[in-house]
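Report on the following structure.
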Amino acid sequence: MLIKLVDDIDLNEAYHYLRHPGAGAVNLFIGTVRDQGQGKAVTRLSFEAYEEMALREMQKIGAGALEKWPLKKLLIVHTKGEKQVGEPVVVVGVSAPHRDVSFEACRHLIDTLKQRVPIWKKEFYTDQSSWINAHP
Amino acid sequence: MLIKLVDDIDLNEAYHYLRHPGAGAVNLFIGTVRDQGQGKAVTRLSFEAYEEMALREMQKIGAGALEKWPLKKLLIVHTKGEKQVGEPVVVVGVSAPHRDVSFEACRHLIDTLKQRVPIWKKEFYTDQSSWINAHP
Amino acid sequence: MNIKLFGITREIIGEEQLTITDKNIRTVAELKTWLFSAYPSIRQLSSLAVAVNHTYAEDADPVGPDHEIALIPPVSGG
Amino acid sequence: MNIKLFGITREIIGEEQLTITDKNIRTVAELKTWLFSAYPSIRQLSSLAVAVNHTYAEDADPVGPDHEIALIPPVSGG
Numbered sequence: 001m002l003i004k005l006v007d008d009i010d011l012n013e014a015y016h017y018l019r020h021p022g023a024g025a026v027n028l029f030i031g032t033v034r035d036q037g038q039g040k041a042v043t044r045l046s047f048e049a050y051e052e053m054a055l056r057e058m059q060k061i062g063a064g065a066l067e068k069w070p071l072k073k074l075l076i077v078h079t080k081g082e083k084q085v086g087e088p089v090v091v092v093g094v095s096a097p098h099r100d101v102s103f104e105a106c107r108h109l110i111d112t113l114k115q116r117v118p119i120w121k122k123e124f125y126t127d128q129s130s131w132i133n134a135h136p
Numbered sequence: 137m138l139i140k141l142v143d144d145i146d147l148n149e150a151y152h153y154l155r156h157p158g159a160g161a162v163n164l165f166i167g168t169v170r171d172q173g174q175g176k177a178v179t180r181l182s183f184e185a186y187e188e189m190a191l192r193e194m195q196k197i198g199a200g201a202l203e204k205w206p207l208k209k210l211l212i213v214h215t216k217g218e219k220q221v222g223e224p225v226v227v228v229g230v231s232a233p234h235r236d237v238s239f240e241a242c243r244h245l246i247d248t249l250k251q252r253v254p255i256w257k258k259e260f261y262t263d264q265s266s267w268i269n270a271h272p
Numbered sequence: 273m274n275i276k277l278f279g280i281t282r283e284i285i286g287e288e289q290l291t292i293t294d295k296n297i298r299t300v301a302e303l304k305t306w307l308f309s310a311y312p313s314i315r316q317l318s319s320l321a322v323a324v325n326h327t328y329a330e331d332a333d334p335v336g337p338d339h340e341i342a343l344i345p346p347v348s349g350g
Numbered sequence: 351m352n353i354k355l356f357g358i359t360r361e362i363i364g365e366e367q368l369t370i371t372d373k374n375i376r377t378v379a380e381l382k383t384w385l386f387s388a389y390p391s392i393r394q395l396s397s398l399a400v401a402v403n404h405t406y407a408e409d410a411d412p413v414g415p416d417h418e419i420a421l422i423p424p425v426s427g428g
């Protein structure tokens with residue numbers, strides 16, 4: 001299980017970590033900075049993390065997935081700091097014997113990360129900024 | 137839309153192709169050579185393709201997905217020739233504004249590829265070999 | 273009429289291409305019937321499709337010397 | 351008792367850490383009530399969780415000077 005917070009995502013490292021002779025399927029999800037948010041043009045993003053707790057929550061999510069599905073490898077890597085439009089901000093992935101499980105488990109990782117991991121995204125627009133999800 | 141048959145998969149090229157400022161989500165599925173098949177130890181694989189038709193079917197699958205989902209980019213890349221255990225044999229992927237669509241469309245690409253694209257896999261075991269799916 | 277062969281059908285027939293001169297074979301269905309009789313082990317495959325000009329063809333579709341024809345045994349890419 | 355602040359709660363309170371000396375605050379629920387009163391704009395958030403020792407805590411869980419306490423406004427990673 002590879003769990004970390006990094007400045008920049010290295011997709012080759014992620015894929016090489018996931019490779020396993022018993023796996024026929026690898027699924028990777030990469031979240032990237034979109035040029036629009038809240039109906040406005042996004043110029044850049046900034047991520048703030050409660051690092052010790054974020055890592056602990058990511059580990060719990062990974063351990064839960066390894067218990068639920070017959071995965072060979074699993075990774076959850078999130079970036080911190082400033083990100084520009086188009087840059088990757090998170091990668092989650094698994095390798096598994098078959099593809100059904102790989103899609104299901106990978107989807108679970110990103111959904112659960114978005115619900116539980118204490119990381120906060122601030123979007124910057126041309127004239128203002130906003131902490132995402134903060135208000136109803 | 138990036139559709140091709142190659143000797144070796146380049147995952148970085150795949151990811152860079154999929155990046156798009158309007159996409160917040162990238163999903164990649166990579167099929168790899170598993171060390172077991174038909175209950176036996178696999179030593180290597182070989183893929184044979186009816187190349188002109190395989191490319192045409194891959195293009196139809198891609199065009200169908202672009203019509204069905206609001207995708208930014210899409211790729212289907214399959215290898216040909218000999219592959220060793222652990223090596224990637226196929227990568228399909230999409231970028232989309234949001235993750236729901238990215239998972240759904242990526243899953244559709246690999247499922248449809250496996251049903252329709254005229255490529256044949258031969259598994260080699262220690263003592264024999266078998267064309268996969270050929271017999272009931 | 274030339275027929276391209278791949279995978280297990282190439283191995284069963286023992287050639288990369290099969291040439292059929294029988295003028296009574298004018299449809300996909302007639303071609304399949306002829307093949308099943310000439311090469312009985314083709315019947316044992318899970319399925320057999322025929323491609324005409326790089327497209328999956330129906331039983332009633334015509335086949336002839338002007339077409340690119342190929343046998344498509346069960347595929348297993350991915 | 352020290353409370354770590356992140357994201358919008360850090361901006362609302364204007365500090366990276368808040369120190370509370372009121373000895374009547376002994377549970378997560380009491381801490382939240384105190385915060386809502388001291389910083390009314392915290393009430394307007396979609397949700398507010400409290401982490402005790404790096405774990406999401408329940409309203410009845412104790413808080414005190416021996417704990418690492420943090421406010422967790424709505425998360426938005428990924």
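Chains as they are written, first to last, in the numbering used here: chain A, 1 to 136; chain B, 137 to 272; chain C, 273 to 350; chain D, 351 to 428.
All C-beta atoms, glycine included, are put in the ideal place defined by N, C-alpha and C.
The structure displayed is predicted, hence computed values, not measured ones.
Inter-residue spacing [alpha-carbon to alpha-carbon] between residue i and residue j
| i | j | result |
| --- | --- | --- |
| D:V378 | A:R116 | 18 Å |
| D:A388 | A:I110 | 35 Å |
| D:T371 | D:Y406 | 22 Å |
| A:D8 | A:K114 | 19 Å |
| C:Q289 | A:I3 | 53 Å |
| B:E218 | A:D127 | 56 Å |
| D:E418 | B:L154 | 42 Å |
| A:P70 | A:V101 | 8 Å |
| B:H244 | D:N352 | 51 Å |
| A:D10 | C:P312 | 53 Å |
| C:A323 | B:K216 | 20 Å |
| C:T291 | B:L191 | 25 Å |
| A:T141 | B:E187 | Since the first residue shown for chain A is 1 and the last is 136, residue 141 of chain A is missing from the structure and cannot be characterised. |
| D:E365 | D:I358 | 11 Å |
| B:F260 | A:D35 | 48 Å |
| A:H78 | D:P423 | 19 Å |
Within chain A, the residues that residue i reaches when beta carbons sit closer than 8 Å
| i | result |
| --- | --- |
| B:A159 | T32, R34 |
| B:V142 | None at all; the shortest Cβ gap to chain A is about 16 Å. |
| D:P423 | W120, W131, A134 |
| D:I438 | Not covered by the structure: residue 438 of chain D. The range shown for chain D is 351 to 428. |
Within chain D, the residues that residue i reaches when beta carbons sit closer than 9 Å
| i | result |
| --- | --- |
| A:Y125 | None at all; the shortest Cβ gap to chain D is about 15 Å. |
Buried versus exposed, by CB contacts within 10 Å (16 or more), residue i
| i | result |
| --- | --- |
| C:N296 | exposed |
| A:H20 | buried |
| B:V142 | exposed |
| A:H98 | exposed |
| A:S68 | In the sequence as displayed, the identity of residue 68 of chain A is Lys instead of Ser. Label assigned to A:K68: exposed. |
| B:H271 | exposed |
| B:N269 | buried |
| A:F103 | buried |
| C:F308 | exposed |
| C:R315 | exposed |
| C:G350 | buried |
| D:R376 | exposed |
| D:S397 | exposed |
| B:T168 | buried |
| B:F159 | Reading off the sequence, residue 159 of chain B comes out as Ala, not Phe. Burial call: buried. |
| A:A14 | buried |
| C:S348 | buried |
Neighbouring residues, chain C, relative to residue i (Cβ below 7 Å)
| i | result |
| --- | --- |
| B:R257 | Residue 257 of chain B is actually Lys in this sequence, not Arg. Those are S348, G349, listed as they occur along chain C. |
| B:L249 | G349, G350 |
Where residue i meets chain A, residues with beta-carbon distance less than 7 Å
| i | result |
| --- | --- |
| B:L77 | The structure shown does not extend to residue 77 of chain B, since chain B is modelled only from 137 through 272, so no value can be given for it. |
| D:L382 | The question names Leu, but residue 382 of chain D is Lys in the sequence shown. None at all; the shortest Cβ gap to chain A is about 16 Å. |
| B:I246 | R99 |
| D:H404 | E52, M53, R56 |
| B:R243 | F103 |
Contacts that residue i makes with chain B (C-beta to C-beta distance below 7 Å)
| i | result |
| --- | --- |
| C:A332 | Chain B residues near C:A332: none, gap ~20 Å exceeds 7 Å. |
Chain-ordered chain B contacts of residue i [CB-CB under 9 Å]
| i | result |
| --- | --- |
| C:F308 | Near C:F308 there are no residues of chain B at all, since even the closest Cβ is about 15 Å away, more than 9 Å. |
| A:L71 | Under the 9 Å cutoff, chain B gives no residues; its nearest Cβ is about 14 Å from A:L71. |
| A:G2 | Checking the displayed sequence, the identity of residue 2 of chain A turns out to be Leu instead of Gly. By Cβ distance, chain B contributes nothing, its closest Cβ being about 16 Å from A:L2, past 9 Å. |
Residue i beta carbon near the ligand ZN (any heavy atom closer than 7 Å)
| i | result |
| --- | --- |
| A:K60 | Summarising the ligand content, the structure contains no ligands, and the ligand ZN is consequently not present. |
Neighbouring residues, chain D, relative to residue i (Cβ below 7 Å)
| i | result |
| --- | --- |
| A:H135 | Q394, L395, S396 |
Where residue i meets chain C, residues with beta-carbon distance less than 8 Å
| i | result |
| --- | --- |
| B:F183 | G349 |
Neighbouring residues, chain B, relative to residue i (Cβ below 8 Å)
| i | result |
| --- | --- |
| C:K276 | Y186 |
| A:L74 | Result: empty, since nearest Cβ-Cβ is about 15 Å, beyond 8 Å. |
| C:A342 | Y186, M189, P254 |
Proximal residues of chain A, C-beta to C-beta of residue i below 9 Å
| i | result |
| --- | --- |
| D:G414 | Simply none; closest approach about 18 Å. |
| D:A401 | Y50, M53, P118 |
**Asked** Should the stretch 152 to 167 of chain B be called in touch with the stretch 86 to 101 of chain A, which here means at least 3 C-beta pairs below 8 Å?
**Response** yes
**Item:** Three CB pairs or more closer than 8 Å across the stretch 112 to 132 of chain A and the stretch 33 to 47 of chain A
**Value:** yes
**Item:** Cβ-based contacts, 7 Å cut-off: residues of the stretch 77 to 101 of chain A near chain B
**Value:** V85, G86, P97, R99
**Request:** Take every Cβ of the stretch 184 to 198 of chain B, pair it with every Cβ of the stretch 55 to 71 of chain A, and state whether three or more of those distances are shorter than 8 Å.
**Result:** no
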